[in-house]
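If you use the numbering used here, the first sequence corresponds to residues 55 to 702, in order.
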Amino acid sequence: MTVLITLPDGSERKYDDGVTGFDIASDIGPRLAKAAVAVTVDSVMYDLHRPIASDAAVSIVTENTEAGRHVMRHSAAHIMAQAVLELFPGSTFAIGPAIEDGFYYDFSVDRPFTPDDIEAIEAKMLEIVAADQPFERGELEIADAITQFADHPFKVEIIRGVDADEGVDDTTVSTYRNDGFLDLCRGPHLPSTGRLTAFKLLRSAGAYWRGDENNPQLQRIYGTAWESQKALEEYLVRLEEAGKRDHRKLGAELDLFSFPSELGSGLAIWHPKGGILKTVIEDYSRRTHRNGGYDYVVSPHIAKADLWETSGHADFYAENMYPQMELDGSDDKDGQAYVVKPMNCPFHILVYKSSIRSYRELPMRLFELGTVYRYERSGVLHGLLRARGFTQDDAHIFTTEAMLADELNTLLDFVLMVLRDFGFEEFEADLSTRPEKFVGDVDAWGRAEAYLAASLDKAGLDFQIAAGEGAFYGPKIDIHVKDAIGRRWQLSTIQVDFGQPENFKLEYATAENTRERPVMIHRALLGSVERFVGVLVEHHAGAFPMWLSPVQATIIPVADRHQGYAASVGEQLNKAGIRVEVDTADETVGDKIRKAITQKHPAVIVVGDNDVAAGTAGLRLRGDEHEERGVAVDTVITRLVELARPPR
RNA sequence: GCCGGGGUAGCUCAGGGGUAGAGCAACGCACUCGUAAUGCGUAGGGCGCGGGUUCAAAUCCCGCCUCCGGCUCCA
55 MTVLITLPDG SERKYDDGVT GFDIASDIGP RLAKAAVAVT VDSVMYDLHR PIASDAAVSI
115 VTENTEAGRH VMRHSAAHIM AQAVLELFPG STFAIGPAIE DGFYYDFSVD RPFTPDDIEA
175 IEAKMLEIVA ADQPFERGEL EIADAITQFA DHPFKVEIIR GVDADEGVDD TTVSTYRNDG
235 FLDLCRGPHL PSTGRLTAFK LLRSAGAYWR GDENNPQLQR IYGTAWESQK ALEEYLVRLE
295 EAGKRDHRKL GAELDLFSFP SELGSGLAIW HPKGGILKTV IEDYSRRTHR NGGYDYVVSP
355 HIAKADLWET SGHADFYAEN MYPQMELDGS DDKDGQAYVV KPMNCPFHIL VYKSSIRSYR
415 ELPMRLFELG TVYRYERSGV LHGLLRARGF TQDDAHIFTT EAMLADELNT LLDFVLMVLR
475 DFGFEEFEAD LSTRPEKFVG DVDAWGRAEA YLAASLDKAG LDFQIAAGEG AFYGPKIDIH
535 VKDAIGRRWQ LSTIQVDFGQ PENFKLEYAT AENTRERPVM IHRALLGSVE RFVGVLVEHH
595 AGAFPMWLSP VQATIIPVAD RHQGYAASVG EQLNKAGIRV EVDTADETVG DKIRKAITQK
655 HPAVIVVGDN DVAAGTAGLR LRGDEHEERG VAVDTVITRL VELARPPR
């Protein structure tokens, strides 16, 4: 018997059946054979040495591709589990997948791993790699597999849950063995442990079995693996570079904000420079919303608990809300319960309800920079990206269902315009659809989901459907941006709400003078201003576009006798709206320039004797290698004003 | 909240039972300087907080606070 193998370039080759991916790769060339880690057979991944039984489209998976690294990392996870089970008798293992840039494996052990343990495990792994043990695929009937893994309850649970999709079929599972170590696994794996060329264990952490905190907590070890030592080192450098962008670190270095422990977890104070940054962003937000047809409203930070009963938050959002406080009580009468607001929507609804509304007023767009407080569990706080108090650029749009589609289209364009203004270029969206528990009627949900999808299409935005991930009151779009080093951040959210108009009995008068219920859209574009600043800091690595930069120009007098002139240039720039600092420190010019550059100031202006005489200045813009000398002060002002102009 | 690892001068970090150190920053003096660190000097610390053990605790033990990395959740 022969099999006909079709290669990715369309060429066909005949082999005896039982030919393996490795044979084919060797046939094509020795370098390919050397780089091969697995093979794709009719889009199913096979081990390199697994026989191919019938005609198939085959492509060789090499180690320097994402698919190849995935195989390698998965094998690395196995080798790690092998090392752990050897070093920690009595321990058992759960799951160990490849993940982006690495892998992990979850274990149940007597005690958590220490950093020394991690080193020992890494050393043991190196031994296993040096031994170059082949990975051998096998298949087991489910009943046999359960016997085989009887000592490993998590494996048994996995085997019991296996369906035809995961197993070989619905009665058989595949296993991999190298040396004495057997693991349940779909594969494929590297041909042998020796092919794991570069890896490093990174950290250990607790992780609940199946991600549920009601389950036992396992010990997870994270690692990374690459096709070469060089690629591994490059990855570690990348991690380091990302660390340098950390907004908490840069926030302190650039003197933007801090989290003093006297305040409490998750609560930031904004220093003057951060205060300017936040204000500039908020001013931009107010301006663009006003121009986008929104009305600005303001609401208080606390409200009667009853309001949150009506809105439903007291039920479904209780765990994120701070405890009630009782006000206005006395010995004779009970007080009134109040709570701090975790959201702005009920207030905007009350604005809507403050008067009888006509269809002529819709869509009504109510916007607020609303500061909310949410209780977040201590372990999840993360600088500005996850805080307990923050300001949302929040708006609620009340519209008829007939106008919903148009409104969503307009809104999505508006969102993308705003995000682009802050320097983001790449976007992705999730469309979250009706969950099991929901309010409103199924048809209305269907229509709303269709409108959302259509608006995404119209905006040309790539999106994924997150089935069943919508809020119980309506479907939503979440928009993610990609930052300068390729990380994704969720910023904007657009949520259709059928529930609140119902809860608050909202109405409008139609042209026929009947009463209809409006549809509500909740939407935040920057999301939280705090979080947005955090993302901006990381995206720009602290070097903000000039219109956002807290200090836009530093003026450096060459010697003390130039201070008067420096101050006058500073005053002129200040009058022109440029945020400027004059550095009068008793230091050398070089030192002061270095400080200005380190602080990421966009423009450095040096003035000396020649400038005083000629009414000029030396100008050095961020990113330029050299300065320009003798630029007329008027020209400096015109140019900087132009560079500092906000996008709108 | 749970599991690890941290908290020593404004910042980055040494020191791990005998009473606290460096670099940078700050301040002072000299230098008056033309595009990424001028030199010299000075000051600065209840070693996160509270207990305990000890002749003696930054150091060992217990509790708490807080930060970092994860789990879960999310703007």
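Using N, Cα and C, we set each Cβ at its ideal position, and we do this for glycine too. Keep in mind it's a predicted model, so treat the numbers as computed, not measured.
Using the C-alpha atoms, what's the distance from residue 409 back to residue 330?
37 Å
Use the C-beta contact count for residue 55: other C-beta atoms within 10 angstroms, 16 or more gives buried, fewer gives exposed.
exposed
Boundaries of the beta strand (DSSP E) in which residue 167 is found, first to last residue:
Neither: residue 167 is in no beta strand (DSSP E) and is coded neither H nor E.
Just to confirm, are residue 473 and residue 509 a CB contact at a threshold of 7 Å?
no
List, from N- to C-terminal side, the alpha helix (DSSP H) runs of 4 residues or more that fit wholly inside the segment 524–585.
553–557
Among the residues of its own chain, which have a CB less than 8 Å from the CB of residue 216, if the five just before and after it don't count?
196, 224 and 227
Go to residue 369, then tell me how far its beta strand (DSSP E) extends in each direction, as first and last residue.
Not the beta strand (DSSP E): residue 369 falls in the alpha helix (DSSP H), residues 367–370.
For my contact list, residue 229 and residue 237 are in at a C-beta cut-off of 8 Å; report their separation, rounded to the angstrom.
7 Å
For the candidate residues 158, 343 and 694, whose alpha-carbon lies nearest to that of residue 273?
If we check each option's Cα against that of residue 273, 158 comes out closest.
Would residue 357 and residue 446 qualify as a contact pair, given that the criterion is a beta-carbon distance under 7 Å?
no
Which same chain residues end up closer than 7 Å to residue 397 when comparing Cβ atoms and leaving out the 5 residues on each side of it in sequence?
367 and 426
For residue 654, I'd like the list of residues in its chain whose CB is within less than 6 Å of its CB, leaving aside the five on either flank, ordered along the chain.
596 and 597
Going straight from the alpha carbon of residue 391 to that of residue 625, what length do you get?
53 Å
Starting from residue 55, trace the alpha helix (DSSP H) both ways and give me its first and last residue.
The continuous stretches of alpha helix (DSSP H) do not include residue 55, and DSSP gives it neither H nor E.
From this set, 679, 662, 685 and 664, which residue's C-alpha is nearest residue 673's C-alpha?
Closest option to residue 673, judged by alpha-carbon separation, among 679, 662, 685 and 664: 685.
Do you know whose CA, among 381, 170 and 359, lies nearest residue 375's CA?
359
Could you tell me if residue 97 is buried or exposed, where buried requires 16 or more neighbouring beta carbons within 10 angstroms of its beta carbon?
It is exposed - the Cβ of residue 97 has fewer than 16 other Cβ atoms within 10 Å.
Uninterrupted alpha helix (DSSP H) stretches inside the segment 323–385 (no shorter than 4 residues)
326–345, 359–365 and 367–370
Tell me whether the beta-carbon of residue 659 lies closer than 7 Å to the beta-carbon of residue 691.
Contact: no.
Which residue comes first and which comes last in the beta strand (DSSP E) that contains residue 68?
66–70
Please tell me whether residue 643 and residue 612 are closer than 7 Å, where the distance is taken between their beta carbons.
yes
Ends of the beta strand (DSSP E) at residue 273?
271–280
Measure the Cβ-Cβ separation of residue 413 and residue 562 and say whether it is below 7 Å.
yes
Here's a check: name, in chain order, each residue in its chain whose Cβ is nearer than 7 Å to the Cβ of residue 617, leaving out the five neighbours to either side.
Within the same chain, residue 617 has close Cβ partners 611 and 638.
Close-in-space but distant-in-sequence residues of the same chain around residue 524 (CB under 7 Å, 5 per side omitted)
486, 487, 488, 489 and 530
Identify every residue that forms a DSSP beta bridge with residue 610.
660
For residue 338, count neighbouring C-beta atoms within 10 Å of its own C-beta (all shown protein chains included) and say buried if the count is 16 or more, exposed if not.
buried
When the Cα atoms are used, what is the spatial distance from residue 99 to residue 194?
19 Å
Of the residues 645, 600 and 268, which one's Cα is nearest the Cα of residue 697?
600
Judging by CA-CA distance, which residue of 254, 482 and 300 is the nearest neighbour of residue 276?
254
Under a three-way DSSP split, which group does residue 283 fall into?
When secondary structure is reduced to three states using DSSP, residue 283 falls in the helix class.
3-residue-minimum beta strand (DSSP E) runs that sit fully inside the segment 110–136, ordered along the chain:
110–116
Below 8 Å on the Cβ atoms is my guess for residue 304 versus residue 313; work out the distance and round it to an integer in Å.
Residue 304 to residue 313, Cβ: 14 Å. No contact.
C-beta atoms of residue 355 and residue 450 nearer than 7 Å:
no
Going by the DSSP bridge assignment, what does residue 95 pair with across the sheet?
98 and 112
Alpha carbon to alpha carbon, what distance is there between residue 234 and residue 517?
46 Å
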